[in-house]
Amino acid sequence: MSRMETTPSFESMLAQLTLEEKISLLSGHQFNATPGVPRLGIPPIKVADSINGIRPSDPSNDQTTTCFPSTTCLASTWDVELLGRLGEQLAHQAKLKSAQVVLGPTINIHRDPRGGRNFECFSEDTLLSGQLAGAIVNGIQKHGVGACPKHFVCNDSETLRHSYNVAESPHGRTLREIYLAAWQHLLRVSDPVAIMLAYNKVDGSFCSENKTLVTDILRKTWGYQGATISDWFAVHSTVEPIRAGLDLEMPFPINRGPKLLEAVRRGLVTEQELDARVTNMLRLRDRTKLSHQDNPERSELSEEANNLAYELASSGIVLLKNDGDVLPLDPLQTPKIAVIGEFATNPPMTGGGSASCKPQYSQNPVALLQSAFTAANPTSQVHHVPGVRTNAIIPIAPTSLLTSSGQPGATISYYNPNSTIPIHTTTLPTPHISMLGPPYNPPSLSPTTSHLTLTTTLTPLTTGTHTLAVRHTGALTLTLNSTPLLSAPQPDITTSDYLFHPALYESRLPLPLTASTPYLIHLHMSSRTALMPNGEPTPYGLTLCLEEESNPTAAIDSAVLTAFEADVALVFAGRNEQHESEGFDMDDIRLPGKQEEMIRAVARVAKKTVVVLYCGNPVDVEGWVDEVDGVVCAHFPGQEGGRAVVDVLMGGRSPGGRLATTWRRGVERSGSFGWFPAQKGEVVRYGEGVGVGYRRGDREGVRWGFGFGLGYTEFWHGELEVEVVEGMLRCVVRVGNKGGREGAEVVQVYVVPEREGREVWRPERELKGFTKVKLGAGESKKVEMEMDLKMACSYWDEKKRCWRMEKGTYWVQVGDQTKSFAVAAAAEWNHL
1 MSRMETTPSF ESMLAQLTLE EKISLLSGHQ FNATPGVPRL GIPPIKVADS INGIRPSDPS
61 NDQTTTCFPS TTCLASTWDV ELLGRLGEQL AHQAKLKSAQ VVLGPTINIH RDPRGGRNFE
121 CFSEDTLLSG QLAGAIVNGI QKHGVGACPK HFVCNDSETL RHSYNVAESP HGRTLREIYL
181 AAWQHLLRVS DPVAIMLAYN KVDGSFCSEN KTLVTDILRK TWGYQGATIS DWFAVHSTVE
241 PIRAGLDLEM PFPINRGPKL LEAVRRGLVT EQELDARVTN MLRLRDRTKL SHQDNPERSE
301 LSEEANNLAY ELASSGIVLL KNDGDVLPLD PLQTPKIAVI GEFATNPPMT GGGSASCKPQ
361 YSQNPVALLQ SAFTAANPTS QVHHVPGVRT NAIIPIAPTS LLTSSGQPGA TISYYNPNST
421 IPIHTTTLPT PHISMLGPPY NPPSLSPTTS HLTLTTTLTP LTTGTHTLAV RHTGALTLTL
481 NSTPLLSAPQ PDITTSDYLF HPALYESRLP LPLTASTPYL IHLHMSSRTA LMPNGEPTPY
541 GLTLCLEEES NPTAAIDSAV LTAFEADVAL VFAGRNEQHE SEGFDMDDIR LPGKQEEMIR
601 AVARVAKKTV VVLYCGNPVD VEGWVDEVDG VVCAHFPGQE GGRAVVDVLM GGRSPGGRLA
661 TTWRRGVERS GSFGWFPAQK GEVVRYGEGV GVGYRRGDRE GVRWGFGFGL GYTEFWHGEL
721 EVEVVEGMLR CVVRVGNKGG REGAEVVQVY VVPEREGREV WRPERELKGF TKVKLGAGES
781 KKVEMEMDLK MACSYWDEKK RCWRMEKGTY WVQVGDQTKS FAVAAAAEWN HL
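The numbering of the sequence shown is full-length UniProt numbering, which starts it at 1 and goes up by one.
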């Protein structure tokens, strides 16, 4: 018998805990960790973001990690087996960071294409989201690490996310068939050790204290027995979250700790209620025993992990347009290639926020294209021009242009109140400080009554009207050569804004500067006038930024000239983490900057034009798509994305991705348009009801539909067979590859309800099953899928508050085939 089998369970130690020890287990004590009970050998729990790359536990630590593609790219693989392998690799990566729980996957629904955090969610569809997320959860937990899917529930917007109220009943069709259904699908196929509750309110009650959601639905109806944890700083009271079923408050005991101890002593929280919460936290430790080590955190370059990152990226890339078979590129037929765009040399790998990470390396698509073209045709030519700029914020001023006290960089001095003598002075190579305290550095710095100065000499490389900018958390003054030029008040920002939305506290100053001329810059910033509310850490940050003048017209002219002389123009465009991020939503979904203008100008002169898009959300392509020959959606493809994109462009890999979210002809065509994001009064209404994504049925407003994706080969489907056997819907179809190269087909099973005589509106079709089939040239396979008949055919009955399956005729759609089947008896049910 192993030592692990003889070790008592942590759950069995409940009776040995003191009241104070029990309470300590129900809150974090570090930003990404909970305390343990050393007296009894109960270990702490360390959590880590995210499934796109396991980050270090200290938010200020810039340690690298393997960077996998963003979640929308993962969803576009439609590959349960592949995502299970990702989960297993994430477990290994979590152990490298000494973490016991991975915070993810995120399964909130792509309700609106402006959602800032959509890139780290899967899809607009509930089944696809839940089953793919479940595959990752199972892979993570196969090796003793826990997974914590998030955010339960309705956290589909970042605007006012800490406070908005989703004014919908948990017993209504919209929540049950869309937002809660994704969680049902997840819990049908996996059993995560924890679930994170959302910031927002639902039906007037914060999710962290929403008894209907947590106790009645999640625990009683669905039978979930794992732990529930709050999002960071998302607990607003002491008693209600305990009674609702919230186990762990993160990251600190703001509404627990002494407050909870007092509530127990006053009888506001019973010992039984407390023990229920503690039991779940002890059980979580039992389920993660294989990962309870506390080794130094490290990053490990791994061929296995890198190959998996490549497989995920290349399997998720979606070919959206390929007129005239412009792709794959052939160096012998099209030897002169123009590559245009900043992202061709510095491609985005992730979106912003807690799902971002610092990759171990970056790949340069231009260099990879040049190498591949030269290998195939030594006389080929690949020329690159950067095109127009895409940044949403001003870059940090480069060290190479700054000097202070004879050193590269800037000198920063910190002062406490009523003192002209600095408590600390330092010269930093990068003019950037960022503290989220306490503790602050220097430790004696007061967060609300201190100030600092930054001094440096800037020597620009070029002459022009440059943009000098400062990102600052307190009131600011800037002088240039002793002349005051900028004064800005303390910005009205939250801690979340500070972390994720730097544009909100960036003050800009257009300034004519002369090349090679030194300019003395002096910044003075006061601390914030008060601590942040709700116990959130108070930021203390200052960054000097510079962008030398650029001429977008000249940049476009250069792109046009390069494209005119080439056989094919490749335009790398899209968005990056400055545009799609946790913490804010987008205003629209068009390409930022002058990218649309550049694409149109290139397409007018190029023989052939292909656009490679980096994005987590759909892009409004209507202003230019009809003028180009090819469009490839690369998503945010991770650290192996450069190689994956180039291999797809050149045919080394056939694009196997299918869209997990509908791309519409403009944001105004979305069902949520007019209802998104949260408006004044902090109310969110799901005015589109269950008509989310393809369920809306608005085909005229769709550019590329859910499940769409082209390839470099074609597939055929044999006769579809459908039967109902013992409560299961069974579908059989033979799929064949009739092309000359291998590829992958996604078999998508949709169920269509009978529309005549229905009591309620139903979507014209809903995804109820899928599988991915990889086929060589000329190969065929028989595909069989089974799904629970009630799950496939039911809708939520708001009056009876249960799922309802009506008898009658239904149809199955697979590709271009449709087959009817009969439901002989009606049924009502309400379980997982």
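Idealized CB from N, CA, C, for every residue including glycine.
First and last residue of the uninterrupted beta strand (DSSP E) at residue i
i           : result
residue 828 : 827-829
residue 340 : 336-340
residue 522 : 519-526
residue 802 : 802-805
residue 772 : 766-775
residue 574 : 568-574
residue 748 : 743-753
residue 433 : 432-437
residue 797 : 795-797
residue 484 : 483-488
Residue(s) in a DSSP beta bridge with residue i
i           : result
residue 787 : 729
residue 819 : 812
residue 310 : Bridge partners of residue 310: none, in fact.
residue 833 : Since the first residue shown for the chain is 1 and the last is 832, residue 833 is missing from the structure and cannot be characterised.
residue 414 : 424, 452
residue 545 : 396, 469
residue 736 : 716, 780
Secondary structure of residue i, DSSP reduced to three states
i           : result
residue 222 : coil
residue 379 : coil
residue 713 : coil
residue 471 : strand
residue 693 : helix
residue 150 : strand
residue 183 : helix
residue 558 : helix
residue 22  : helix
residue 44  : coil
residue 125 : coil
residue 3   : Per-residue confidence for residue 3 stands at a pLDDT of 44, beneath the threshold of 50, marking its modelled position as unreliable; the derived number appears in the next sentence. Residue 3: helix per DSSP, three-state reduction.
Proximal residues to residue i (C-beta, below 7 Å), its chain only, five neighbours per side dropped
i           : result
residue 98  : 46, 293, 294, 295, 297
residue 448 : 527, 528, 529, 530, 531
residue 314 : 644, 647, 648, 653
residue 650 : 328, 329, 372
Bounding residues of the alpha helix (DSSP H) (the contiguous stretch that carries residue i)
i           : result
residue 595 : 595-605
residue 667 : Neither: residue 667 is in no alpha helix (DSSP H) and is coded neither H nor E.
residue 451 : First-last for residue 451: 451-458, but that is the beta strand (DSSP E), not the alpha helix (DSSP H).
residue 280 : 271-287
residue 648 : 641-650
residue 496 : 495-500
residue 86  : 80-96
Span separating the alpha-carbon of residue i from that of residue j
i           : j           : result
residue 92  : residue 543 : 36 Å
residue 2   : residue 144 : With a pLDDT of 42 at residue 2, under the threshold of 50, the predicted position of this residue should be treated as unreliable, though the coordinate-derived value follows. So the alpha carbons of these two residues sit roughly 16 Å apart.
residue 385 : residue 633 : 21 Å
residue 191 : residue 250 : 22 Å
residue 244 : residue 212 : 8 Å
residue 470 : residue 248 : 38 Å
residue 803 : residue 797 : 6 Å
residue 142 : residue 85  : 10 Å
residue 836 : residue 278 : Outside the displayed span of the chain (1 to 832) sits residue 836, for which this structure offers no information.
residue 333 : residue 629 : 16 Å
residue 872 : residue 572 : Given that the chain is displayed from residue 1 to residue 832, the structure contains no residue 872 and the question cannot be resolved.
residue 4   : residue 288 : Legend: pLDDT at residue 4 = 48, less than 50; position of this residue unreliable, value from coordinates given subsequently. C-alpha separation (whole angstroms): 12 Å.
residue 606 : residue 569 : 6 Å
residue 136 : residue 739 : 32 Å
Same chain, Cβ closer than 8 Å to residue i, neighbours up to 5 away in sequence not counted
i           : result
residue 20  : 261
residue 727 : 788, 789, 790
residue 623 : 590, 596, 600
residue 218 : 152, 183, 195, 224, 228, 245
beta-carbon residue i near the ligand PLP non-hydrogen atom, thresh 7 Å
i          : result
residue 43 : As for the ligand PLP, it is missing from this structure, which has no ligand bound.
Cut-off 6 Å between Cβ atoms - residues of its own chain near residue i, not counting five sequence neighbours on either side
i           : result
residue 774 : 744
residue 818 : 811
residue 290 : 144
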